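**Q** Please find one structure pasted underneath; my questions will follow.
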Amino acid sequence: MDNDTSPSPTLPTRARLPINRCNLPAVILGSLTYQRHPAPLMLDGVADLHRDLWQHLDSLDTPELRAEDFKAYMRGHFCLDDLSACGLEGDEGRGKADYLRLVRGWWFNPDGREAAVLKGWVESRFGLITRFHRQPLKDNEGEDYARFMHERTCGLYNTNALESQLDLLFGFCQYELGRQYPGQTHLTLYRGVNGLADHEVLWRQGKRAVVLFNNVNAFSSHRERADEFGDYILTVEVPVAKVCCFQELLPGLLRGEGEHLVVGGVYEVSLSTL
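Under the numbering used here, the residue at position 71 of the sequence shown is numbered 59, and the numbers go up by one with no gaps.
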């Protein structure tokens, strides 16, 4: 839609829940205003419950050491090497569905079971409703949304606090971004698309647009990488506080160069061709 009026800074009601488990409500963190003027996002309890981890990481000088000790902490805290210690029995494959497999599964198939769990986690923690899973989800009361929720539930069944593992991964990601980019509020990221027809465009004027993205999305820090996925490139100033995971966070976790997993909402983007 082309017009000369200023875009609304508000996150539409259809895209948000009234409550979440974050220090800011969805109507704020998902808005255009938040993109322009971000503040830290903190999930309930993560900083306090894992205070010893953050204090230990403060003593380590390199990202590689911090990544290794974070993974060791996750293995110990969630009994990932001994699932029977936390009472998991039976379907061994589901029990092994940990945060690492979940993120890898998302990158392999953003509409698969692991992706459903990840999108459901974003709904629960940030209050942003899933807008797309295999197909557009127009509301959270229809049959398509019910199928998405069923897939999410199946993905969580017989796993060891999988959403709590994601809470801690997000906390570590934010910690590490703060160490690597002190004082920086935004990252310039790119996303390849085949036009905006399949996106929820709230406003457009020339090569600028305001888009309601799905509640979690993949971006790249490398423009040449993004152009592999479409004829148009969206350039977005993403708040550092909305990055859930990135390729360098845990070496070997993600295969794509410069890949970032980003919490969605309303974003102003610039559109360019290859």
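Just so it is clear, CB atoms sit at the ideal spot from N, CA and C, and this is done for glycine as well.
All values reported here derive from a predicted model rather than from experimental measurement.
Look up E52 in the DSSP assignment and give the residues it is bridged to.
**A** E52 is not bridged to any residue.
**Q** Note down the Cα distance separating G78 from D99, rounded to an integer number of angstroms.
**A** Annotation note: pLDDT 49 at G78 (below 50); position unreliable, no value reported.
**Q** On a CA-only basis, which of L237, C233, Y220, L41 is nearest V257? Give me that one, please.
**A** Nearest C-alpha to V257: Y220.
**Q** Figure out for me which residue from D32, T141, V199, G171 has the closest Cα to the Cα of P26.
**A** Minimum Cα distance to P26 is reached at G171.
**Q** What does the alpha-carbon distance come out to for the pair Y133 and L184?
**A** One C-alpha to the other measures close to 23 Å.
**Q** Are the CB atoms of L177 and H263 within a distance shorter than 7 Å?
**A** Residue 263 is absent from the model: the chain starts at -11 and stops at 262.
**Q** Once the 5 residues before and after S19 are set aside, which same chain residues still bring their CB inside 8 Å of it?
**A** Excluding sequence neighbours, S19 sits near P(-3), T(-2), L(-1), G253, V254.
**Q** Can you grab the Cα-Cα spacing for the pair D127 / R39, in whole Å?
**A** So the alpha carbons of these two residues sit roughly 38 Å apart.
**Q** Apply the 10 Å Cβ neighbour rule to S(-6) and answer buried if 16 or more other Cβ atoms are within range, or exposed otherwise.
**A** That one is exposed.
**Q** Whole angstroms is fine: what's the gap from R92's alpha carbon to L242's?
**A** Whole-angstrom Cα-Cα distance: 6 Å.
**Q** May I have the straight-line CA-CA distance separating G240 from M137, to the nearest angstrom?
**A** Those two C-alpha atoms are separated by around 30 Å.
**Q** For the pair the stretch 53 to 70 and the stretch 205 to 222, tell me if three or more CB-CB distances fall below 8 Å.
**A** Counting Cβ pairs under 8 Å, fewer than three are found: no touch.
**Q** Using DSSP with H/G/I as helix, E/B as strand and the rest coil, what is G166?
**A** G166: helix per DSSP, three-state reduction.
**Q** Are A149 and R179 closer than 7 Å when you measure CB to CB?
**A** Result no, Cβ atoms of A149 and R179 do not sit closer than 7 Å.
**Q** How is C142 classed by DSSP in three states: helix, strand or coil?
**A** Three-state result, C142: helix.
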